[in-house]
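S.K.: Below you'll find the structure I mean.
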Amino acid sequence: YITVFARYPRSIYQTEPASVAGGVILFAFTFVLPILVAVTVPARVLLGTLGNQSWLAGIALAAAVIGLVISRMIFTWSLRSYRSASS
8 YITVFARYPR SIYQTEPASV AGGVILFAFT FVLPILVAVT VPARVLLGTL GNQSWLAGIA
68 LAAAVIGLVI SRMIFTWSLR SYRSASS
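Numbering (the numbering used here), first residue to last: 8 to 94.
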């Protein structure tokens, strides 16, 4: 029921009737903040202004490995529970 998770944050910020503040918050959390994080951290690492924070690379590697393991588990579970419509 991943579609429910995908819609959940969007429904938090939308009100009836649609408010300007809800739209601004939705836009900020959907586009502005992720883009700022995705651009700022690698740029600071390349420029050397982030400091000597080698733990950041370790956390990134650990997050990548954990994400890979979890996605692999979900994929194999999905294959095991798959039932063909034609058979």
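All residues carry an ideal CB built from backbone N, CA and C; glycine is no exception.
According to DSSP, is R90 part of a helix, a strand, or is it coil?
M.R.: Stepping through the sequence shown from its first residue, residue 90 is reached at position 83. In the structure shown, R90 sits in coil (DSSP, three-state: anything other than H, G, I, E or B).
S.K.: Which whole-angstrom value is the C-beta distance of R51 and L43, which I expect to be below 8 Å?
M.R.: Start at 1 with the first residue of the sequence shown, and residue 51 comes out as number 44. Start at 1 with the first residue of the sequence shown, and residue 43 comes out as number 36. Between L43 and R51 the Cβ distance is about 12 Å, and since that is not below 8 Å, they are no contact.
S.K.: Give the DSSP-derived three-state secondary structure of T47 in the structure shown.
M.R.: Position 40 of the sequence shown, counted from the start, is the residue given in the question as residue 47. Three-state result, T47: helix.
S.K.: With DSSP as the reference, label G65 as helix, strand or coil.
M.R.: Taking the first residue of the sequence shown as position 1, residue 65 is located at position 58. Residue state, collapsed to three classes: helix.
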